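Asker: After the structure tokens below, expect a handful of questions from me.
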Amino acid sequence: MAPGNQTELYLSEQVVVLFTCALSFLGSSLIILTHIIWSDLRTTPRRLLVFLSVTDWLSAVSYAFGVWSVFRTDSPECIAQGALSTFANTSSFFWTVSIAVYLYVFIVRSSQRVADSLVLFFHLFSWGIPLIITVTAVCLNKIGYDASEVSVGWCWVRIHAPDRVLWMLLTGKIWEFLAYLTLPVLYILIKRHIHKAHAALSEYRPILANRPPSQSFSSMADVKLTLIPIIFIILRIWSTVRFILLLADSPVRQNPVLVTLHGIGNTSQGAANCVMFVLFTQPIRSRLCTALCCCCAKCREEAPRSDGAPQRNQKRRDSSTQREEEEENGSRAQAVR
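Per this note's numbering, residue 69 is the first one in the sequence shown, and the count goes up by one each step.
Next comes the structure, spelled out in structure tokens:
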């Protein structure tokens, strides 16, 4: 790859990526807020999801700042943005895999105690390893302007670093490849276990005309288990394709469509998680709808009150004016008498 190359970033690409950053920011914020507001929903898997949402929130903010700024040099702002996005992006990979490992141990191994005991190690690995990698990369002057060769306006590994490929692997790509391999395997094992359990229970369950409500919930969970690795791969594959094209020194990596898909994929994880774990989760969706309905009802109730207040004030003013006129007329009558 020639270090002097640079991928041109068009305004339309900036607008699209900034829009997806905003969606991920809102989606991650909604996941965090629902966890804070409703304490009865604070299960361990959802706590892990909140930690993942924190990393997605940081990624959305850092990516948006980078796309908005479109850095051209290794400025301090570029290095700071690149360091934050590197840490958040790498940590997001670890938390995504951690959630899959937790569900595997909890469901397949049927051991909640062992699964809960892993949470501490998840924190150590998911925060510690990305932090060590990022601090090392910054100290060795590896983070900086990358000419959008494997990014979309934001800063990452310096394009002029002689060992840039090694640091691209360490600061993201190797963990991305491992996630590609780990997530499908874990979720396939989880789905197989659930299907076997349902088949075993069906032998002792009487045949009913109508499906019980619990079965619809389990089918929705089954859909989620299928979508989680698929959505992750669909969102991240464009970044991987551009990285491979970079290694091959192919000019196709600068194709505007590929660059746009890369920008959308890297910045949409928070929005995708919000859709799956908030909008597609019936208890949370019901509570959100109830909260929105209550807010709308209060607004409708306050509107007539605010409209009726001037009328009441006007009536009060009219009655007071009438009393004053009567008193004035009475005083005049007494004066005439």
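Yeah, the Cβ is synthetic: ideal placement off N, Cα and C, and Gly gets one too. The structure displayed is predicted, hence computed values, not measured ones.
Rounded to whole angstroms, what's the CA-CA distance from Gly-337 to Lys-366? Just pull it up for me.
Answerer: According to the sequence shown, residue 337 is Gln rather than Gly. Distance between the alpha carbons of Gln-337 and Lys-366 is about 34 Å.
Asker: Any chance the segment 222 to 237 sits against the segment 179 to 187, with 3 or more Cβ pairs inside 8 Å?
Answerer: no
Asker: Would you mind reading off the limits of the alpha helix (DSSP H) that contains Asn-323?
Answerer: Element bounds for Asn-323: n/a, residue is neither H nor E.
Asker: Does the Cβ of Lys-241 have 16 or more other Cβ atoms within 10 Å, making it buried, or fewer, making it exposed?
Answerer: Residue environment analysis places Lys-241 among the buried positions, since at least 16 neighbouring C-beta atoms fall within 10 angstroms of its C-beta.
Asker: Using a Cβ-Cβ cutoff of less than 7 Å, which residues in the same chain neighbour Leu-98 once the five nearest sequence positions on both sides are dropped?
Answerer: Cys-342 and Val-346
Asker: Evaluate Cys-364 with the Cβ neighbour count: other Cβ atoms within 10 Å of its Cβ, from every protein chain shown; 16 or more gives buried, anything less gives exposed.
Answerer: With fewer than 16 other CB atoms across the displayed protein chains lying within 10 angstroms of its CB, Cys-364 is exposed.
Asker: My understanding is that Pro-324 touches Leu-251, with C-beta atoms under 8 Å, so please give their C-beta distance in whole angstroms.
Answerer: Wrong, their Cβ atoms sit about 29 Å apart, outside the cutoff.
Asker: Could you give the residue range of the alpha helix (DSSP H) that holds Met-236?
Answerer: Secondary structure note for Met-236: its alpha helix (DSSP H) is the uninterrupted segment 232 to 236.
Asker: Applying the criterion that 16 or more other CB atoms from any shown protein chain within 10 Å of the CB defines a buried residue, is Ala-277 buried or exposed?
Answerer: In this prediction, Ala-277 has a pLDDT of 45, which is less than 50 and means its spatial position is unreliable; nothing more can be read from the coordinates.
Asker: Using the three-state DSSP reduction, which class does Asn-381 fall into: helix, strand or coil?
Answerer: Unreliable placement is indicated for Asn-381, whose pLDDT of 49 sits below 50; no coordinate value is reported for it.
Asker: Pull the bridge partners of Gly-196 from the DSSP assignment, please.
Answerer: Bridge partners of Gly-196: none, in fact.
Asker: Quick one: any contact between the segment 302 to 317 and the segment 118 to 128, if contact means 3 or more CB pairs under 8 Å?
Answerer: no
Asker: Can you list, in chain order, the residues of its chain whose CB lies under 6 Å from that of Leu-237, leaving out five sequence neighbours each side?
Answerer: none
Asker: Taking Val-218 as the reference, which of Thr-239, Leu-293, Asn-209 and Cys-207 has the closest Cα?
Answerer: Thr-239
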